[in-house]
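Visitor: In the UniProt record's numbering, the protein residues as written are 1 to 623. A virtual CB, placed ideally from N, CA and C, is assigned to each residue, including glycine. Just so it is clear, the structure is predicted and the values come from calculations on it, not from any experiment.
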Amino acid sequence: MTHPSKSRRTVTMERVAYGLALKVAARVGGGFKKVENGRQVVIALRLPAGSDFQEYVAAANILVSSVEALSRFDVAAPKVGYKGALEAQSVRDDLKRKHFLLVIWPHEYTMPRDVALAADRVVDVEPVRPFHLVSAAKSVADQKVELADARKMLDHPVTDVFAAFRNRRPPAEVLDRLEQPRIVAEPVPQGPYLEELVGYGEAKVWGLSLATDIDAWRAANLEWSDVDRGLLLSGPPGTGKTMFAGAVARSCGAHLVATSVAQWQAAGHLDDTLKAMRRTFEEAIANKPAIVFIDEFDGIGDRTRLVGNEYETYWRQVINLLLELIDGHERLEGVVVIGATNYPTMIDAALRRPGRLDRHIQISLPDHGERKHLSRRYFGDQFSDTEVEMLAAATAGFSGAHFEQAGREARRTARRKDRAVSIVDVLAVLPEPKRIAGHERRMVALHEAGHAVVGVRLGVGVLRTVAVPWEAHAMQPLGFAHFEFDNDLLMSRQGYLDQIAMTLGGRAAEEVILGTAFEGAGAGEGADLHKASDLATRLEVQLGMGESLAYFNLKSPEQRDGLRQANHVVAARVERLLAQEMERSREIVGKFRAAVEQIADILVEKALIDGDEVRRIVWEASQ
Numbered sequence: 001m002t003h004p005s006k007s008r009r010t011v012t013m014e015r016v017a018y019g020l021a022l023k024v025a026a027r028v029g030g031g032f033k034k035v036e037n038g039r040q041v042v043i044a045l046r047l048p049a050g051s052d053f054q055e056y057v058a059a060a061n062i063l064v065s066s067v068e069a070l071s072r073f074d075v076a077a078p079k080v081g082y083k084g085a086l087e088a089q090s091v092r093d094d095l096k097r098k099h100f101l102l103v104i105w106p107h108e109y110t111m112p113r114d115v116a117l118a119a120d121r122v123v124d125v126e127p128v129r130p131f132h133l134v135s136a137a138k139s140v141a142d143q144k145v146e147l148a149d150a151r152k153m154l155d156h157p158v159t160d161v162f163a164a165f166r167n168r169r170p171p172a173e174v175l176d177r178l179e180q181p182r183i184v185a186e187p188v189p190q191g192p193y194l195e196e197l198v199g200y201g202e203a204k205v206w207g208l209s210l211a212t213d214i215d216a217w218r219a220a221n222l223e224w225s226d227v228d229r230g231l232l233l234s235g236p237p238g239t240g241k242t243m244f245a246g247a248v249a250r251s252c253g254a255h256l257v258a259t260s261v262a263q264w265q266a267a268g269h270l271d272d273t274l275k276a277m278r279r280t281f282e283e284a285i286a287n288k289p290a291i292v293f294i295d296e297f298d299g300i301g302d303r304t305r306l307v308g309n310e311y312e313t314y315w316r317q318v319i320n321l322l323l324e325l326i327d328g329h330e331r332l333e334g335v336v337v338i339g340a341t342n343y344p345t346m347i348d349a350a351l352r353r354p355g356r357l358d359r360h361i362q363i364s365l366p367d368h369g370e371r372k373h374l375s376r377r378y379f380g381d382q383f384s385d386t387e388v389e390m391l392a393a394a395t396a397g398f399s400g401a402h403f404e405q406a407g408r409e410a411r412r413t414a415r416r417k418d419r420a421v422s423i424v425d426v427l428a429v430l431p432e433p434k435r436i437a438g439h440e441r442r443m444v445a446l447h448e449a450g451h452a453v454v455g456v457r458l459g460v461g462v463l464r465t466v467a468v469p470w471e472a473h474a475m476q477p478l479g480f481a482h483f484e485f486d487n488d489l490l491m492s493r494q495g496y497l498d499q500i501a502m503t504l505g506g507r508a509a510e511e512v513i514l515g516t517a518f519e520g521a522g523a524g525e526g527a528d529l530h531k532a533s534d535l536a537t538r539l540e541v542q543l544g545m546g547e548s549l550a551y552f553n554l555k556s557p558e559q560r561d562g563l564r565q566a567n568h569v570v571a572a573r574v575e576r577l578l579a580q581e582m583e584r585s586r587e588i589v590g591k592f593r594a595a596v597e598q599i600a601d602i603l604v605e606k607a608l609i610d611g612d613e614v615r616r617i618v619w620e621a622s623q
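(1) Using alpha carbons as the reference points, say which of Val-57, Leu-233, Ala-44 lies closest to Ser-364.
(2) Candidates Ser-260, Ala-172, Met-243, Ile-326: which alpha carbon is nearest Asp-295's?
(3) In whole angstroms, give me the CA-to-CA distance for residue 665 and Phe-100.
(4) Let me check understanding here. Comparing Cα to Cα, which of Phe-483, Arg-493, Arg-27, Ala-262 lies closest to Gly-544?
(5) Give the straight-line distance between the Cα atoms of Ala-607 and Arg-457, rounded to the nearest whole angstrom.
(6) For Leu-351, decide whether its Cβ has a neighbour in chain C, counting only Cβ atoms nearer than 7 Å.
(7) Per DSSP, which one or two residues make a beta bridge with Ala-550?
(8) Using the three-state DSSP reduction, which class does Phe-383 fall into: helix, strand or coil?
(9) Check whether the region 449-468 touches the region 579-598, counting contact only when three or more Cβ pairs, one atom from each stretch, lie closer than 8 Å.
(10) Can you list, in chain order, the residues of its chain with a C-beta nearer than 7 Å to that of Arg-8? Leave out the 5 residues immediately preceding and following it.
(11) Name the DSSP beta bridge partners of Thr-259, please?
(12) Answer with buried or exposed for Ser-622, where buried requires no fewer than 16 other C-beta atoms within 10 angstroms of its C-beta.
(13) Should Arg-113 be labelled buried (16 or more other beta-carbon atoms within 10 Å of its own) or exposed?
(14) Only counting runs of 4 or more residues, tell me where the alpha helix (DSSP H) segments fall wholly within the region 357-408, in order along the chain.
(15) What is the DSSP secondary structure of residue 624, counted as helix, strand or coil?
(16) With Ser-234 as the anchor, note down where its alpha helix (DSSP H) starts and where it stops.
(17) Can you list, in chain order, the residues of its chain with a C-beta nearer than 7 Å to that of Val-11? Leave out the 5 residues immediately preceding and following it.
(18) Is it true that the CB of Val-57 sits closer than 7 Å to the CB of Ala-76?
(19) With a threshold of 8 Å, are at least 3 pairs of Cβ atoms found where one atom belongs to the region 350-367 and the other to the region 314-333?
(20) Can you tell me whether Asp-327 is helix, strand or coil according to DSSP?
(21) Is the beta carbon of Val-122 closer than 7 Å to that of Ala-44?
(22) Measuring CB atoms only, is the region 192-211 touching the region 354-369, in the sense that at least three cross pairs come out at less than 8 Å?
(23) Could you check what DSSP says for Leu-101 in three-state terms: helix, strand or coil?
(24) Just mark Asp-367 as buried or exposed, buried being the case when its beta carbon has 16 or more other beta carbons within 10 Å.
(25) Under DSSP, the alpha helix (DSSP H) around Glu-484 begins and ends at which residues?
(26) Near Ile-423, which residues of its chain fall below 8 Å by C-beta distance, leaving aside the five closest residues on each side in sequence?
(27) When the Cα atoms are used, what is the spatial distance from Val-67 to Gln-54?
(28) Would Ile-291 and Val-248 qualify as a contact pair, given that the criterion is a beta-carbon distance under 7 Å?
(29) Use the C-beta contact count for Ala-572: other C-beta atoms within 10 angstroms, 16 or more gives buried, fewer gives exposed.
(30) Is Pro-157 buried or exposed, if buried means 16 or more other CB atoms sit within 10 Å of its CB?
(31) Since I believe Val-468 is in contact with Pro-445 (beta carbons under 8 Å), could you give me their beta-carbon distance rounded to a whole number of angstroms?
(32) Counting C-beta neighbours from all protein chains within 10 Å, is the total for Phe-32 16 or more, i.e. buried, or is it exposed?
(33) Once the 5 residues before and after Trp-224 are set aside, which same chain residues still bring their CB inside 7 Å of it?
(34) Can you give the Cα-Cα distance for Phe-162 and Gln-265, rounded to whole angstroms?
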C-alpha cells in the first residue's frame, strides 16, 4: 500500500482515533527519529485484539499523509481473504522496495518470521484511550467530549462507540445508547455440549447432573427445590468458564442469559445498575428453564471490606438486591445461577450460603492426559500417539482457550498449503520455548534438589517427582519438586515449620553450594518466598501457632500481604520465622551437600528423577 492511495482515504472520527494510537506506537518504534542516509527503517505495528484491521490500515494511511515526520513512510499490510486466509506476499514485496515502511499486522495472526526479522521494532499498538477519543471528536466533528464521558464510553467495545457516535450526536445521547444492557438473549447456537468438554472434572459432573434434574423437573417428576441451582465457578483466566456456561445451557436445553457485573454497572448510576440487574433475572424468569451466567462475580464485592469505603452505600445496595433476586424461591423456579470469578475469596459470604451459590467448584488448567485429549480435539485426529505425547508436553500450562487459539492458527496455516494440519504447523504456532542449558540448568537443578532433600529429610508430604525439563515455555516453571500432601491431616506447628523450611530449600541450596542467590525464589506471586511468607503469616496470625494468640480474619494471600505491609510488628515476626527456617534449610543442605549435588547431576543429565530414587540417595548419605 503506497502513498497514491492516501489521498483517497476518508477521514472519520474512528480513523483519527486509531491513527493517534498508531502514532504513539510509531514513536515508540523510532519512526520520528533521524536516520543516516540510505538506511531502511521498518516498524511493525501489531494491532490490539479484536480490532477492525481494515479501519486501522486506512487510519495508518491517513496518519502518514498528515504527520510530516511520518510522511517518508509507506504503509504495508497483509491481505485477509473473506474466509480468513492471510496473504503476506505484498508485505514481503514492499520490504524489498521501500526504504521506510509501517507494517500493520492483525492481532489474530502470527507474524511470519521473515517479516519480524526485517522489522527494526515490533510494537504492540495500545487500544484507543479516552484522550484519543476526545481529540478525534474535536478535530473531526468539532465536538467537545469530556474526558470522564470518554472513559465511560470506552468501557464498551470500541466498535460500538464509533457506531453510536454519529456526527453531531451529543455525547450524552451516545452514552445513553451505549449503556443499554448487553445481554445475550438466546443460547449460543453453536458450540460444544457439556458431554463434549474435557478438563472440567467436578464441574462437568455437576452440569450433567443438572441436565438430568431439569429433564425430570420438566416432566414434573422432581420438585425444583431438589435441584442444585447455584454454582460459583472459579479458576485462572482462559480456563473456559464462559464456554462451560454455554455448554451447560445447550445440554440442559435451557435459555442462556449471559451478563457480568461490569455490564450491570455500565447501565449508568446506581438506579440504572439496579434496573439492569432486575432485567437480567426478569428475562430468565420469562424463559424458563434458564441459566443466568454472571461473569466477574467478584466485582460485586464483600461487605466486610466496605466499611469506611466512600462507595459503601452504593455497593451495599447492589449486594442486597442481588441477594433478593437470588432468593426468589418460587419466582425463580426454573432458573439456575452460575457465577464465575478468578478471585473466589473476594465474594461476600452471604452470596455463598445454602440456597444461593453454595456450591463452589474450581476449574484447573488441563493435566497431561487432558492436554492429550485437547490436542486431538483442537489439532485433529491425524496425529500418532507419539506426536500427541509431544503436543501434550509442549502445551504444559495451556488453558482450553490457548488450545482453541493455537488450533485455529494451525488450521489456517494448513489451509494456505491445502493439506491437513501437521505436527510442524502446530509447533510453529506455539510460544517458542526457552532452552534450559549450561550454567542456568545447573543452577535450576541444584535449586530443585535443595527442595527435594530438605523435604525428604523433614518428612514433608510425599515426594513424587523432581524435574528440570530441557525446554520451558514462558508460562511454565523452569523446574519443580512435586510433593503430595494429605489434605485431611491436621498439621502441627512443627509440620508448618517443616513445610516452610522445604519451601526455602531451593534458595538455601543456591546459597550453600553456589555461594549466591538467584531471582527465581522471589520472582513474584507464587514464587518460593511468596509461598513461605504467606504460610508464615498464617501460622503467626491465623492459626494461633506464632508469638501471639491474636487472630486476624484474613481470607486470601493478598490480604495477608497487605497486613505485612501495614503492620510492622507482624512483618517482623514473619521475618524472624523465615530467617529461622532458612537457617535450618541451610544446615540440612550443608550436611547433605553430596546428596543434593548427586540429585542435581541426574537432573542435568536426565531431566527427571522420581521420589523413590531421591529417598534412596538421601538415605545412603545419612549412613
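Guide: Working from what's here:
(1) Leu-233
(2) Out of Ser-260, Ala-172, Met-243, Ile-326, Ser-260 has the C-alpha closest to the C-alpha of Asp-295.
(3) In the structure as shown, the chain begins at 1 and stops at 623. Residue 665 is therefore absent and cannot be evaluated.
(4) Arg-493
(5) The alpha-carbon separation between Ala-607 and Arg-457 amounts to approximately 22 Å.
(6) Of the chains in the structure shown, none is chain C; there is only one protein chain.
(7) Beta-bridge pairing by DSSP links Ala-550 to no other residue.
(8) Reduced to three states, the DSSP call for Phe-383 is coil.
(9) yes
(10) Residue placement at Arg-8 is flagged as unreliable, the pLDDT there being 43, under the threshold of 50; the coordinate-derived value follows with that caveat. None.
(11) BP columns for Thr-259 point to Ile-294.
(12) exposed
(13) exposed
(14) 368-379, 385-394
(15) No statement about residue 624 is possible, as the shown extent of the chain runs from 1 to 623 and does not include it.
(16) Here Ser-234 belongs to no alpha helix (DSSP H); instead the beta strand (DSSP E) covers 230-234.
(17) Ile-62, Val-140
(18) No, they are not a contact pair.
(19) yes
(20) coil
(21) Ala-44 places its beta carbon less than 7 Å from that of Val-122.
(22) yes
(23) strand
(24) exposed
(25) Note, Glu-484: premise wrong, no alpha helix (DSSP H); beta strand (DSSP E) at 480-484.
(26) Phe-383, Glu-387, Met-390, Leu-391
(27) Near 20 Å, if we compare the C-alpha coordinates of Gln-54 and Val-67.
(28) yes
(29) exposed
(30) exposed
(31) Pro is not the amino acid found at residue 445; the sequence shown has Ala there. Yes, Ala-445 and Val-468 are in contact; Cβ-Cβ is about 5 Å, under 8 Å.
(32) Exposed.
(33) Trp-217, Glu-333, Gly-334
(34) 21 Å
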